[in-house]
Amino acid sequence: MPLKAELHCHIEGAAAPELVIRQAQKYGKDTSPYIQDGSFVWHDFTSFLAAYDFSSDLFRTEEDYARLADHYLTSLARDGAIYSEIFTSPDHAGNAGLSAKAYTDALGEGMARAKAKTGIEGRMIVTGVRNAGVESIEQAARFAARCGHPLVTGFGVAGDERMGDLEDYVRAFEIAREAGLGITVHAGELMGWESVEAALDHIRPARIGHGVRAIENPDLVRRIADEGVVLECCPSSNIALKVFDSFADHPFPALQAAGCKVTLNSDDPPYFWTSLKREYDIAAEHFSMNDKALAAVTRTAVEAAFVDRKTKAMLLGRLDVKGR
Ligand code: ADE
Ligand code: ZN
Numbered sequence: 001m002p003l004k005a006e007l008h009c010h011i012e013g014a015a016a017p018e019l020v021i022r023q024a025q026k027y028g029k030d031t032s033p034y035i036q037d038g039s040f041v042w043h044d045f046t047s048f049l050a051a052y053d054f055s056s057d058l059f060r061t062e063e064d065y066a067r068l069a070d071h072y073l074t075s076l077a078r079d080g081a082i083y084s085e086i087f088t089s090p091d092h093a094g095n096a097g098l099s100a101k102a103y104t105d106a107l108g109e110g111m112a113r114a115k116a117k118t119g120i121e122g123r124m125i126v127t128g129v130r131n132a133g134v135e136s137i138e139q140a141a142r143f144a145a146r147c148g149h150p151l152v153t154g155f156g157v158a159g160d161e162r163m164g165d166l167e168d169y170v171r172a173f174e175i176a177r178e179a180g181l182g183i184t185v186h187a188g189e190l191m192g193w194e195s196v197e198a199a200l201d202h203i204r205p206a207r208i209g210h211g212v213r214a215i216e217n218p219d220l221v222r223r224i225a226d227e228g229v230v231l232e233c234c235p236s237s238n239i240a241l242k243v244f245d246s247f248a249d250h251p252f253p254a255l256q257a258a259g260c261k262v263t264l265n266s267d268d269p270p271y272f273w274t275s276l277k278r279e280y281d282i283a284a285e286h287f288s289m290n291d292k293a294l295a296a297v298t299r300t301a302v303e304a305a306f307v308d309r310k311t312k313a314m315l316l317g318r319l320d321v322k323g324r
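Take a look at the structure:
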């Protein structure tokens, strides 16, 4: 199996049910509406977000967040990943009374612990959440722009795509862009190709979270290929959330064949009964990708990573050594 790299994972969404249960015991909460038989329970995007918000609320202290990041990056590294970008969400920490800075420093500490054990390199993409409103998204952008944390290298917007309009977030993205942060935005997951076009027109991102429903418009697919915009594809997430009926219907192979830069990601792994390793296994099984093709996907991810040139060269060097 080739080395792996991940660009799209929401750190609160990476907390395994066992860890969430432990946190619930610590804070005296009942997990039974959201976790049953060791598995998260939800049935559509709205109830997925409810379970996600419930679990996120159980991470409250700096040590809770440090442990979460450490657990996730360590598990990724054990599955052969050399690089991980996590979406962070200062809004969630704010609800627990933790400042954006304390939250970010804590996640950075967890990433440092994982790196010390395994060598995995990590970066953070601060995200605004659509369902929290425009002001909260701009606040997240201002924080990302001025926090100065060396591992914060990107800004993005996630959350319920059915809420708000991408044009509403232009100012937030401009704040982030001016600060030199990499730009990614969720689009084309719950909403159709029009949302991907709006993202390209208004936000001008380097990468799009999902973006897979661009497949509904061949002209748009061509534009994504021509502009070299990277798609952060999350096949298991899309199947679990019923964006597509089955892996056989997933457009990953078609987008790649059309010349789009595609990457493999786990999104919120335990909610979708997946892991980054499983996404690579799925691509091998359902998209007929051999090790060479999977190694090329990892290379695309590293090339699209929001990291300084020296780190990128080091990561690409690791891929070259493994490939030989
Ligand atoms: N936040 C966490 N997971 C998400 C997803 N799949 N889409 C949009 N927002 C999210
Ligand atoms: Zn996502």
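Numbering (UniProt numbering), first residue to last: 1 to 324. Even glycine gets a Cβ: it sits at the ideal position worked out from N, Cα and C.
- When 200, 257, 147 are compared, the shortest CA-CA separation from residue 170 is found for 200.
- Under the criterion of beta carbons closer than 8 Å, residue 149 and residue 219 do not qualify as touching, at roughly 40 Å.
- Under DSSP, no beta-bridge partner is assigned to residue 188.
- One Cα belongs to residue 286, the other to residue 278, and the distance between them is close to 12 Å.
- Ranking 272, 129, 270, 266 by CA distance to the CA of residue 4 puts 266 first.
- Under DSSP, residue 5 takes part in a beta bridge, and its partners are 83.
- Distances from the alpha-carbon of residue 273 to those of 242, 26, 208, 236 put 236 closest.
- Between residue 157 and residue 65, the alpha-carbon positions lie close to 21 Å from each other.
- Partner residues in a beta bridge of residue 117, as assigned by DSSP, do not exist.
- Rounded to whole angstroms, the Cβ separation of residue 231 and residue 211 is 4 Å, and the two are in contact under 8 Å.
- Membership of residue 298 in any beta strand (DSSP E) is not indicated; the residue belongs instead to the alpha helix (DSSP H) covering 291-303.
- Here DSSP, grouped into helix, strand and coil, assigns residue 10 to strand.
- With contacts defined as CB atoms closer than 9 Å, residue 224 and residue 208 qualify as a contacting pair.
- Judged by the Cβ position, residue 81 fails to qualify as a neighbour of the ligand ADE at the 8 Å threshold, every heavy atom of the ligand being at least this far.
- DSSP places residue 207 inside the beta strand (DSSP E), whose first and last residues are 207-210.
- As DSSP reads the structure, residue 252 sits in no beta bridge.
- When DSSP assignments are scanned along the stretch 142-179, the uninterrupted stretches of alpha helix (DSSP H) that are 4 or more residues long and fall wholly within it turn out to be 170-178.
- Between residue 20 and residue 191, the alpha-carbon positions lie close to 30 Å from each other.
- By a beta-carbon distance limit of 8 Å, residue 89 does not contact residue 76. Their separation comes to about 19 Å.
- In the displayed model, residue 130 falls within a helix according to three-state DSSP.
- Annotation for residue 231: no alpha helix (DSSP H) segment contains it, though the beta strand (DSSP E) segment containing it runs 230-233.
- Between the ligand ADE and residue 189, a heavy atom-to-CB distance of less than 8 Å is present.
- In the three-state reduction of the DSSP assignment, residue 204 falls in the coil class.
- The straight-line gap separating the alpha-carbon atoms of residue 80 and residue 2 is approximately 8 Å.
- When C-alpha distances from residue 252 are compared across 178, 234, 23, the shortest belongs to 234.
- When the five nearest sequence neighbours on each side are left out, the beta carbons in the same chain lying within less than 7 Å of the beta carbon of residue 282 are those of 235, 236, 247, in order along the chain.
- Here the residues close to the ligand ZN, judged by CB distance below 6 Å to any of its heavy atoms, are 8, 10, 158, 186, 209, 267 in chain order.
- For residue 263, the enclosing beta strand (DSSP E) starts and ends at 261-264.
- Residue environment for residue 69: buried (at least 16 other C-beta atoms within 10 angstroms of its C-beta).
- In the DSSP secondary-structure assignment, residue 40 is bridged to 35.
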